[in-house]
Each structure stands twice: as C-alpha cells, then as structure tokens.
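Chains as they are written, first to last, in my numbering: chain D, 6 to 114; chain P, 63 to 395.
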C-alpha cells in the first residue's frame with residue numbers, strides 16, 4: 006500500500022459524496038468514458054440515443070482534453086443537469102484522472 | 063511590468079467568461095461555510111474565496127472535499143515541492159485562478175519569483191535544482207499521459223520514497239481536478255486578493271521578494287551599518303561585502319549575514335535582490351567578502367532561493383532563510 010491512510014480515508018469519503026451527487030447510471034457512464042479516454046482504450050458502448058447522454062459524453066471528452074466544459078456545452082447541458090450535478094461531474098472526472106495517475110505510475114491496486 | 067502581471071497576460075489561461083456559476087450567498091452555502099468565507103477572506107485581502115463560493119453550493123461534496131484536499135496538500139512532500147508541483151500543474155492546465163493564488167502562496171514554501179518563472183519555462187529552464195527538474199518532468203508527463211515514465215520514476219526515487227511518489231500523483235491529480243472545475247465555472251482571482259491585506263507582502267511589485275519595508279535600507283545605511291561594519295568582518299555569521307559602484311566606480315563596504323559552505327558563500331537578502339550592492343555585484347560578477355578578519359575574492363555570483371540551493375544550506379538554517387532570496391558566490395582564496 007503506497008497511499009498513506011490519512012489521505013486514503015478522506016479520499017474514500019470524497020468519492021462517496023461524489024457518488025451521491027449524481028445518478029448512478031450517469032456517473033458510471035461518465036467514469037467509464039473517462040477511463041477509456043485516459044487509458045486510450047476503444048469505446049465499446051453503442052452510441053447513446055438520449056441527447057443528454059450524448060452531451061454528457063461530450064463534456065467528459067472536453068474535460069479530459071481541455072480540462073474544462075466549454076460554455077456553449079455547459080448551456081446545452083443545463084436543461085438536463087443542474088449546475089450542482091455538473092460541478093460534481095467535473096470533480097468526478099478529475100478524481101478518476103487522479104486514480105489513473107496513481108495506478109499507472111505506482112502499483113496501487 | 064512585474065512578474066505577476068506578466069503571468070496574467072499569458073495567452074495560456076482559459077476559463078468560462080462570463081462565469082457559468084455565480085458565487086453562492088448565505089442561503090446557497092449555509093451559515094457555516096458562508097461565515098468561514100467571510101472570516102478568512104480578509105486574510106487574503108479579498109471579499110470572498112471563489113473556490114469555496116462555488117464548490118460550497120454542493121454542501122455534501124464541499125464538506126467531504128475539505129479533509130481530502132487538506133490531506134493531499136499537507137502531504138510528506140514538503141511545502142516547497144508541493145508549491146512547485148501545484149504551480150506547474152496549474153500552468154499546464156491553463157488555470158489562472160489556481161496559478162495566481164499559488165504564485166503568492168509559494169513564497170511561504172520558499173520559492174522566489176524567479177523560480178516561479180522557471181516553473182513556467184519547464185524542466186529545461188536553467189537554474190533549477192536537479193530534483194526540481196525531475197519533479198517538473200514528472201508533472202508534465204502526468205499531465206500529458208497520466209503516468210510517469212520509468213526513466214523519470216528512477217530519478218524521482220533517488221530522493222522520494224514510494225509513498226512520496228504516490229503523494230505526488232495525488233497532488234497533481236487533485237489540482238487537475240480543481241482546475242477542471244474552476245475553469246468550467248469561470249473562476250477568476252478575487253479583486254484585491256494578495257494585493258492588499260496582511261499577505262500583500264508575499265510578492266512585491268518590484269519582484270525583489272524583500273521582507274523589510276522600503277524605508278529600512280535608508281535608515282540602515284545612515285545609522286545601523288556604521289555600527290555593524292565595526293564588528294561584521296570578524297564575527298560570523300556577519301561579514302562585509304566589498305563591491306564597486308556600477309556607475310560611480312567607487313568601492314563600497316556593506317555588512318551582510320553570510321554563511322560559508324565549502325567553496326561557496328551564501329548571503330541572505332532580506333532587502334531583496336534590487337539593493338544597490340546586489341546589483342553592483344551582479345553587474346561586475348565579482349567583488350570581495352571580509353569574513354573572520356580575512357578578505358576573499360568572490361565570483362560566479364547568482365541569485366537563488368532556499369529550495370533551489372538546498373544542498374548549500376545546512377538543514378537547521380533552511381527555515382530561517384526560506385522567505386528571503388539568497389546570493390550565492392564562489393569564494394576564491
């Protein structure tokens with residue numbers, strides 16, 4: 006174990022709070038897309054039928070590349086998600102990026 | 063134009079304009095967060111703390127984030143490394159809010175404004191310590207590919223433990239995460255932040271990183287130096303620097319606080335690096351130092367800071383010299 010417990014515990018609590026901030030299906034989709042982006046693995050899921058999901062994937066892609074959701078995309082997302090949920094999305098994608106950095110660099114499980 | 067203004071003018075920064083999330087008031091933030099912001103903001107010279115104003119709208123996430131953020135920031139890497147890594151991450155992400163805050167806060171970690179400029183230039187910037195170079199290289203690799211290459215990892219392991227490497231990944235990831243949110247929300251530095259209030263001394267408009275007020279050198283020259291120069295050449299850690307005026311050509315003697323480490327002498331610069339005697343030495347790249355009753359010639363003069371010159375400074379002295387720039391010169395017998 007390389008991550009000290011004094012970081013690991015609050016990190017788990019922070020993760021749990023992000024899980025509660027977004028619907029499970031939405032968060033899972035966003036995190037799968039994030040992992041695919043960060044590890045350069047091909048995206049296996051079929052193209053989404055729901056416009057909200059398509060916009061969500063676009064937002065995740067933007068966060069992974071430019072580290073922000075462009076204002077136009079933010080406006081397009083607003084009818085489907087609240088600003089609080091989009092805040093949680095930014096943090097969740099960043100949190101997954103942190104995990105990827107840790108797992109690919111160290112032998113952290 | 064001072065360094066902070068130069069950084070602000072960089073085309074690197076990107077964020078939503080106008081902001082997509084407005085700062086939360088008492089109702090949105092809750093009494094505890096709202097009150098904490100109101101109490102803490104004057105310390106930074108501003109009327110709010112945008113990071114808390116924005117994330118605080120989601121109370122559960124915000125209150126879970128605070129202990130996590132604190133644990134990552136206060137990791138075993140030390141303040142200087144943490145600030146170095148944070149600045150490079152903010153620079154890579156193009157997050158001006160994050161960078162502008164840490165330009166000031168990094169002074170508390172010992173980074174001079176010159177080192178901050180080197181951080182923006184990247185690992186190949188001249189004047190960086192090899193450890194700093196390896197850290198910046200690791201940050202760049204984490205930003206680009208989300209992993210550190212084996213070659214850089216080997217360099218890091220020479221001075222970082224396995225836990226420290228993990229903490230480094232967490233630190234970079236944490237500040238990338240904040241950058242994603244701050245850029246999306248359109249956060250810009252709070253008006254007046256670090257330019258007024260009790261922390262406004264952290265960075266000076268003349269980039270001198272001086273600690274003392276501007277009136278003190280004049281008073282010193284007229285009163286205290288005349289007394290100090292009597293004993294400074296004989297009683298360490300005092301010494302007297304002999305330098306030639308770059309315009310007048312006259313020879314001057316200035317008492318300083320100096321530490322000899324091997325063939326080099328380290329001189330603390332509480333008045334910053336814009337003092338006449340420092341400029342005289344840098345202009346000619348030579349001078350003299352009277353220490354323990356003997357006069358030595360000094361050459362290869364350059365300005366640095368405690369984290370960059372770490373090997374030259376004995377460990378017990380590092381906390382004392384952390385807030386000042388340092389003049390390092392080679393002593394010739």
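Even glycine gets a Cβ: it sits at the ideal position worked out from N, Cα and C.
So is residue i in contact with chain D if we call contact Cβ pairs under 7 Å?
{"i": "residue 73 of chain P", "result": "no"}
{"i": "residue 204 of chain P", "result": "yes"}
{"i": "residue 225 of chain P", "result": "yes"}
{"i": "residue 255 of chain P", "result": "no"}
{"i": "residue 83 of chain P", "result": "yes"}
{"i": "residue 174 of chain P", "result": "no"}
{"i": "residue 143 of chain P", "result": "no"}
{"i": "residue 201 of chain P", "result": "no"}
{"i": "residue 239 of chain P", "result": "yes"}
{"i": "residue 78 of chain P", "result": "yes"}
{"i": "residue 380 of chain P", "result": "no"}
Report all residues from its chain with a CB closer than 7 Å to the CB of residue i; omit the five preceding and five following residues, and keep chain order.
{"i": "residue 317 of chain P", "result": "287, 290, 291, 294, 300 and 302"}
{"i": "residue 274 of chain P", "result": "332 and 333"}
{"i": "residue 220 of chain P", "result": "none"}
{"i": "residue 160 of chain P", "result": "152, 237, 240, 241 and 244"}
{"i": "residue 231 of chain P", "result": "204"}
Along chain P, in chain order, which residues have C-beta atoms closer than 7 Å to that of residue i?
{"i": "residue 16 of chain D", "result": "130"}
Applying a beta-carbon distance threshold of less than 8 Å, which residues of chain P neighbour residue i?
{"i": "residue 84 of chain D", "result": "Chain P residues near residue 84 of chain D: none, gap ~14 Å exceeds 8 Å."}
I want to verify the contact list: residues of chain P whose CB lies under 9 Å from the CB of residue i, in sequence order.
{"i": "residue 68 of chain D", "result": "242 and 246"}
{"i": "residue 9 of chain D", "result": "133, 137, 138, 225, 228 and 229"}
{"i": "residue 26 of chain D", "result": "120, 122 and 123"}
{"i": "residue 34 of chain D", "result": "Here the premise fails: no neighbours, minimum Cβ distance about 17 Å."}
Strictly below 7 Å CB to CB, what residues from chain D border residue i?
{"i": "residue 236 of chain P", "result": "103"}
{"i": "residue 351 of chain P", "result": "The contacting residues do not exist; residue 351 of chain P stays about 45 Å from chain D at best."}
{"i": "residue 210 of chain P", "result": "110"}
What in chain D is Cβ-close to residue i, meaning under 8 Å?
{"i": "residue 162 of chain P", "result": "Result: empty, since nearest Cβ-Cβ is about 16 Å, beyond 8 Å."}
{"i": "residue 432 of chain P", "result": "Past the edges of chain P, shown from 63 to 395, lies residue 432 of chain P, and the structure says nothing about it."}
{"i": "residue 195 of chain P", "result": "Within 8 Å Cβ-Cβ: nothing; residue 195 of chain P doesn't reach chain D, min ~18 Å."}
Closer than 8 Å by C-beta to residue i: which residues in its own chain qualify, once you throw out the five before and the five after it? Chain order, please.
{"i": "residue 127 of chain P", "result": "117"}
{"i": "residue 65 of chain D", "result": "35, 38, 39, 42, 94 and 98"}
{"i": "residue 268 of chain P", "result": "64, 334 and 336"}
{"i": "residue 325 of chain P", "result": "392 and 393"}
Determine, using beta carbons only, whether residue i comes closer than 7 Å to chain P.
{"i": "residue 46 of chain D", "result": "no"}
{"i": "residue 77 of chain D", "result": "no"}
{"i": "residue 72 of chain D", "result": "yes"}
{"i": "residue 60 of chain D", "result": "no"}
Leaving out five residues on either side along the sequence, give the residues of the same chain with a beta carbon under 6 Å from the beta carbon of residue i.
{"i": "residue 150 of chain P", "result": "181, 198 and 201"}
{"i": "residue 74 of chain P", "result": "156"}
Name, please, each residue of chain D whose Cβ falls closer than 9 Å to the Cβ of residue i.
{"i": "residue 232 of chain P", "result": "8, 12, 16, 103, 106 and 107"}
Counting Cβ pairs, one atom from each stretch, are 3 or more of them under 8 Å apart for the segment 277-287 of chain P and the segment 94-114 of chain P? no
Short-range partners of chain P found in the segment 79-103 of chain D, where Cβ spacing is below 7 Å: 79, 88, 89, 92, 93, 95, 96, 98, 99, 100, 102 and 103
Does the segment 80-92 of chain P come close enough to the segment 236-254 of chain P to have 3 or more Cβ pairs within less than 8 Å? yes
Is it the case that the segment 75-95 of chain D contacts the segment 23-33 of chain D, given that we only count it when at least three CB pairs across the two stretches are under 8 Å? yes
Closer than 9 Å, Cβ to any Cβ of chain D: which residues of the segment 114-127 of chain P, in chain order? 116, 117, 119, 120, 122, 123, 124, 125, 126 and 127
Are there three or more Cβ pairs, one per stretch, closer than 8 Å when the segment 84-91 of chain P is compared with the segment 167-178 of chain P? no
For the structure I just gave you, are there three or more beta carbon pairs, one from the segment 221-230 of chain P and one from the segment 132-142 of chain P, closer than 8 Å? yes
Given a limit of 7 Å on CB to CB distance, which residues of the segment 313-346 of chain P reach chain D? none
Between the segment 307-326 of chain P and the segment 337-348 of chain P, do three or more beta carbon pairs fall short of 8 Å? yes
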